[in-house]
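Residue numbers (our numbering), protein chains in the order written: chain A, 1 to 317; chain W, 1001 to 1418.
All C-beta atoms, glycine included, are put in the ideal place defined by N, C-alpha and C.
Have a look at the structure below before the remarks.
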Amino acid sequence: MLGPAPIPPDVRRPGRNRRIKQGVREFLAPYAYISPFFVLFLIFGLFPLLFTFYISLFDWDPIGEHRFVGLDNFAELLHDPRFWGALRNTFSIWVMSTVPQLLLALGLAHLLNHARLRLAALFRMSVLVPYVTSVAATTIVFAQMFDRDYGMINWFLGLLGFEHIDFTASLWGSHVMIATMIAWRWTGYNTLLYLAALQAVPRELYEAAAADGANGWRQFLHISIPSLRPIIAFTVVTSTIGGLQVFTEPLLANPVGGLTCGAARQCQTVTLYLYEQSFGQFHFGYGAAVGVALFVIVVAFSGINYLLVTRVRSERP
Amino acid sequence: MKRVRSTVAIIATAALLLGGCGGSDGESDSKTFEFWSFANINQKADVDVYTKAHPDVRIKLTEVGSTTETAQALTAALAGGKVPDLVLIQADDLPKFMQSPDNFVDLTTLGADDIKGNYLDWVMAQSTTKDGKIIGVPTDVGGLAVAYRTDLFKAAGLPTDRDEVSKLWPTWDEFINVGKTYVQKTGKPFVDNTPTSVFFQAVNQGSQRYYSADRKLDYDNEQVKAAFDVTLKAFSAGISAKQGSFSSGWTAAMKKGDYAVVCSPSWMLSQMKTNAPETDGKWDIATIPGGSGNWGGSFLAIPKRAKNAKAAWNYISEMQSPKGQLDHFLLQGSLPTTPSVYTDPQLVGKTDPFFSNAPIGKIYTQSVVGIKPFYFGPQDGPIGTEFLNTLTSVEQGKVNPANAWDTALTNVKNAVRE
């Protein structure tokens, strides 16, 4: 057997080159494939984030001067009662909307997963209707329903002999109103997520449980809930991120107050305050500082929530 | 490698397409210009009149949205986007732009000096910088008057003739007394709300608002306090329907006749017609308590980077001439800023059937002559909002009238940035 014939140098060179090129290409190709996301993220995600932080260090008039003020905006933020009020409102609305929303979604998903449900597809699709309705339209309808003198809810309360409630004017009333709008919109969406996860649970588990005499409630507690834990963790985190950034509902819910959502800023959320400062009053530097603060808060809370939910998951069998 | 290169090329192209919007669209000719207006003021009518008279001129009119949205879009454009050649700015938004006059063409360089005498001097003062640059030409003002329901007045045994009604309330105190009588007779509220219908009118009737004559912040002054106090007095008299202006409740109550009186600047008339068409003919218009005053109005300005400032200026000088403004008033009802037409028989004779044929031209122009000018500062907007919000909180029972002034000052202090 002859060994490989010695390759003349002038022939070997291009061959090696081709092989190196091939290697580089194979090395780069996967990065090129995933690059659209990262390029778009750099342009629309990371750059605005860094630029916001940069602006927050200035007294930034978009059409006038940009005066460097260091961390003054953040110092001012700490002493700004309007910011703390907005933060309180945001958390209050978030809790009021997320908790009932996820519980309701769990229950609905369990019902929709029922083996003997007729017209299952119809019901499953209909829970998504609120989600595909425009937020603006939803908000305007709800705002009219909650109107003090001419709203449907107060008309009903009046029939029952109760006093009219001025929802938009009061702190809790306005929070309930906005939380209702959010829950109405997102419950169906979360229901479908839970339902998708439930569909993956083997039917035999339920059948076996039923054979052992477990009723619907016990099946829900001991089969549905445990198998849903990862998706529950996911919805809690996404609801936290979404809930802390609530904007459209409070903006449109209370047209009298405009950007302050009420005369006493009783339902102004952090994003709405950010918007008021930046685009209402053109204090872009201060608005950016609010944005940075909100970013930190959202990251921190998503992390805490994730830890809590996953901890619960690992502690139980 | 070729594949990589083409992938990179695609990404680069995509990035260019996504990031590179708003570049120049090439040619500029002196016969075409772009005009941004806000919606619901029908600048389209003016544009049509102008292009009919000048068939060679092409105007690209964009109705951006509300007054605030237009100001926001303009801000974004000035900060680095594509600017229009001509833009309509609402009076409340103007002070923010007056802070950075370098963003606009100084209209004195185009001949504004020659025509500035045509306009009400206190309106012109709002768009003139300290060193005499003119940033905007006023298109209209917001004269003040009171719209009232003749049928409800009759039911309450009050006079219905507009001159007699005007005589009932030369001052705000007398206005409050009429309100009390109305409430006693009918058991129904009199005025839509006090923060807008009383405070926003009264505070615009003084010789000073939130800034002193030498352009320093001074909102804690006697005139503002007086307007604030008379509002609290009106509230305490129990005459308010507590329907916040422009809310859904306000509109519903207007339709149902659940209040008899709205203090209505000239630009609000068209909103009332749209909101409550079924009340056609039931309204009339009387003079405002407390004398002359103005709320609102708009200005036309030319951004510095405009491609075709000359064409825009030709448009301004023709359409905003006294004759142009008179024609626009007859067509649309916006109140002219050119006092020379205030005695024109066409203006004086203009009536409106929705408001029982009230001579709206005469009533509203009377309310804007003899105004004592005050300085509009950059923070007028936020300060006005805080005062209004505090008074609204009083109506909602969330703030005790006794503490209202202190609360308002605290809120204003938080909102104002030195």
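Start and end of the alpha helix (DSSP H) containing residue i?
| i | result |
| --- | --- |
| Asp80 of chain A | Unbroken run through Asp80 of chain A: none, as it is neither H nor E. |
| Phe1329 of chain W | Pro1322 to Gln1332 |
| Pro130 of chain A | Val129 to Val132 |
| Asp1380 of chain W | Asp1380 to Glu1395 |
| Trp1313 of chain W | Ala1309 to Met1319 |
| Gln996 of chain W | Nothing can be reported for residue 996 of chain W: it is not among the residues displayed for chain W, which extend from 1001 to 1418. |
In or out: residue i buried (at least 16 other Cβ within 10 Å) or exposed?
| i | result |
| --- | --- |
| Met152 of chain A | exposed |
| Arg1209 of chain W | buried |
| Arg1058 of chain W | exposed |
| Met125 of chain A | exposed |
| Ser1207 of chain W | exposed |
| Arg1149 of chain W | buried |
| Leu251 of chain A | buried |
| Phe1035 of chain W | buried |
| Asp1092 of chain W | buried |
| Ser134 of chain A | exposed |
| Leu1078 of chain W | buried |
| Tyr31 of chain A | exposed |
| Pro48 of chain A | exposed |
Just the C-alpha distance for residue i and residue j, rounded to the nearest angstrom, thanks.
| i | j | result |
| --- | --- | --- |
| Leu1074 of chain W | Pro1345 of chain W | 38 Å |
| Met1268 of chain W | Val1262 of chain W | 10 Å |
| Glu163 of chain A | Leu157 of chain A | 7 Å |
| Gly1290 of chain W | Gln1126 of chain W | 23 Å |
| Phe37 of chain A | Ala29 of chain A | 15 Å |
| Val1183 of chain W | Ala1145 of chain W | 21 Å |
| His175 of chain A | Val1399 of chain W | 19 Å |
| Ala300 of chain A | Gly85 of chain A | 19 Å |
| Pro1055 of chain W | Asp1048 of chain W | 10 Å |
| Phe41 of chain A | Thr138 of chain A | 31 Å |
| Ala952 of chain W | Phe247 of chain A | In the structure as shown, chain W starts at 1001 and stops at 1418, and residue 952 of chain W therefore has no counterpart that could be examined. |
| Ala105 of chain A | Met1254 of chain W | 41 Å |
| Gly1293 of chain W | Leu103 of chain A | 56 Å |
| Val127 of chain A | Ser224 of chain A | 19 Å |
| Leu122 of chain A | Leu112 of chain A | 10 Å |
| Ser35 of chain A | Val24 of chain A | 16 Å |
| Val129 of chain A | Arg116 of chain A | 23 Å |
| Ser955 of chain W | Trp60 of chain A | The question about residue 955 of chain W has no answer here: the residues shown for chain W are numbered 1001 through 1418. |
| Pro1277 of chain W | Lys1256 of chain W | 11 Å |
Could you name the residues of chain W that residue i contacts, counting a contact when the two beta carbons are closer than 7 Å?
| i | result |
| --- | --- |
| Gly85 of chain A | Ordered by position in chain W, no residue passes the 7 Å Cβ test against Gly85 of chain A, which lies about 10 Å from the chain. |
| Leu63 of chain A | Here the sequence assigns Ile to residue 63 of chain A, which means Leu is not the residue at that position. Here the neighbours are Thr1075, Leu1078, Ala1079, Ser1100 and Asn1103. |
| Asp166 of chain A | Gln1396 |
| Ala137 of chain A | Those do not exist, as Ala137 of chain A stays about 14 Å from chain W at its closest Cβ, beyond 7 Å. |
Please return the same chain residues whose Cβ sits closer than 8 Å to the Cβ of residue i, not counting the five positions on each side in sequence.
| i | result |
| --- | --- |
| Pro1322 of chain W | Asn1118, Pro1336, Thr1338, Ser1340 and Val1341 |
| Ala1408 of chain W | Phe1228, Glu1386, Phe1387, Thr1390 and Leu1391 |
List the residues of chain A whose Cβ lies closer than 7 Å to the Cβ of residue i, in chain order.
| i | result |
| --- | --- |
| Ser1393 of chain W | Ala263 and Ala264 |
| Pro1382 of chain W | Gln281 |
| Lys1096 of chain W | Phe282 |
Identify, in the order they occur along the chain, each residue of the same chain with its Cβ nearer than 7 Å to the Cβ of residue i, setting aside the five sequence neighbours on each side.
| i | result |
| --- | --- |
| Ile165 of chain A | Asn154, Leu157 and Gly173 |
| Phe58 of chain A | His66, Arg67, Phe68, Val69 and Gly285 |
| Ile231 of chain A | Leu193, Tyr194 and Ala197 |
| Ile55 of chain A | Phe284, Gly285 and Ala288 |
| Ile1030 of chain W | Inspection of the sequence shows that residue 1030 of chain W is occupied by Ser rather than by Ile. Here the set comprises Asn1308, Lys1310 and Ala1311. |
| Gly1157 of chain W | Lys1185 |
Could you work out which residues of chain W lie near residue i, taking near to mean beta carbons separated by less than 8 Å?
| i | result |
| --- | --- |
| Asp149 of chain A | Gln1243, Gly1249, Ala1252, Ala1253 and Asp1258 |
| Pro81 of chain A | Asn1414 |
| Thr260 of chain A | Thr1385 and Asn1389 |
| Ala143 of chain A | Ser1248 |
| Ala105 of chain A | By Cβ distance, chain W contributes nothing, its closest Cβ being about 30 Å from Ala105 of chain A, past 8 Å. |
Once the 5 residues before and after residue i are set aside, which same chain residues still bring their CB inside 6 Å of it?
| i | result |
| --- | --- |
| Ser1037 of chain W | Gln1043, Glu1063 and Leu1088 |
| Thr1032 of chain W | Arg1058 |
Which bits of chain A does residue i rub up against, with CB to CB less than 9 Å?
| i | result |
| --- | --- |
| Arg1417 of chain W | Asp59, Glu76, Gln281, His283 and Tyr286 |
| Gln1201 of chain W | What Gln1201 of chain W touches in chain A: nothing, since even the nearest Cβ is about 17 Å away. |
Just reading off the beta strand (DSSP E) that residue i is part of, what are its end residues?
| i | result |
| --- | --- |
| Val1416 of chain W | Looking at the DSSP string, Val1416 of chain W is not in any beta strand (DSSP E), and its letter there is neither H nor E. |
| Glu1063 of chain W | Arg1058 to Glu1063 |
| Asn1177 of chain W | Counting along the chain, Asn1177 of chain W falls outside any beta strand (DSSP E), though it belongs to the alpha helix (DSSP H) covering Trp1172 to Thr1186. |
| Thr180 of chain A | From DSSP, Thr180 of chain A is part of no beta strand (DSSP E) but of the alpha helix (DSSP H) over Leu171 to Gln199. |
| Leu1232 of chain W | Taken as a continuous stretch (DSSP letters only), Leu1232 of chain W belongs to no beta strand (DSSP E), being part of the alpha helix (DSSP H) at Glu1222 to Ser1236. |
In chain A, which residues lie less than 8 Å from residue i when you measure between Cβ atoms?
| i | result |
| --- | --- |
| Gln1072 of chain W | Phe279 |
For a contact meaning CB atoms closer than 9 Å, what does residue i contact in chain W?
| i | result |
| --- | --- |
| Arg18 of chain A | Under the 9 Å cutoff, chain W gives no residues; its nearest Cβ is about 10 Å from Arg18 of chain A. |
| Ala109 of chain A | Going along chain W, no residue has its Cβ under 9 Å from Ala109 of chain A, so there is no contact; the nearest lies around 35 Å. |
| Ala253 of chain A | By Cβ distance, chain W contributes nothing, its closest Cβ being about 11 Å from Ala253 of chain A, past 9 Å. |
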